[in-house]
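Trainee: Residue numbers (the numbering used here): 956 to 1021.
Virtual Cβ for every residue (Gly too), placed ideally from N, Cα, C.
Being a predicted model, the structure only gives us computed values, none of them experimental.
Just passing along the structure, written as C-alpha cells.
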Amino acid sequence: MIRVAVIEDDPVMAEKLCDAVREAGDMLLTATAANVLEGEGMVDAGGYDVLLCDLGLPDGSGVSLI
956 MIRVAVIEDD PVMAEKLCDA VREAGDMLLT ATAANVLEGE GMVDAGGYDV
1006 LLCDLGLPDG SGVSLI
C-alpha cells in the first residue's frame, strides 16, 4: 500500500486529489494540509511514501516543504 499525503490550498483541487487517492486500490491517504504552516508539522511527522504538494501556497512556497 502506497501512503500518500496531500498539501493543497484550493479546496476543489484538494478534494479531487484526495478522491483520486481514495479511489486507487493501492493507495492510502494518510494526511492533508492546506498551507505551509500545517504542512511543516505533517512533513515532520512523516508516515507517508508520496507527497503531493502545491508549490504556490498562501503562506509560502511548497518547495520548502519538499
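Measure the C-alpha to C-alpha separation of aspartate 999 and alanine 988 and round it to an integer number of angstroms.
Mentor: As a working note, residue 999 is residue 44 in the sequence shown. As a working note, residue 988 is residue 33 in the sequence shown. Spanning the two alpha carbons is a distance of roughly 13 Å.
Trainee: According to DSSP, serine 1016 sits in a beta bridge with which residue or residues?
Mentor: Stepping through the sequence shown from its first residue, residue 1016 is reached at position 61. Gly1011.
Trainee: Taking 7 Å as the threshold (C-beta atoms), are glycine 1001 and aspartate 962 in contact?
Mentor: Stepping through the sequence shown from its first residue, residue 962 is reached at position 7. Stepping through the sequence shown from its first residue, residue 1001 is reached at position 46. A small correction: the amino acid at residue 962 is isoleucine; aspartate does not occupy that position in the sequence shown. Cβ distance not < 7 Å, so isoleucine 962 and glycine 1001 don't count as in contact.
Trainee: Give the range of the beta strand (DSSP E) segment to which alanine 986 is assigned.
Mentor: Locating residue 986 in the sequence shown gives position 31, counting from the first residue. That run of the beta strand (DSSP E) goes 982-988.
Trainee: List the whole-angstrom C-beta distance separating valine 991 from leucine 1012, where the pair is believed to meet the contact cut-off of C-beta under 8 Å.
Mentor: Position 36 of the sequence shown, counting from 1, holds the residue named residue 991. Position 57 of the sequence shown, counting from 1, holds the residue named residue 1012. Confirmed, Cβ separation roughly 5 Å.
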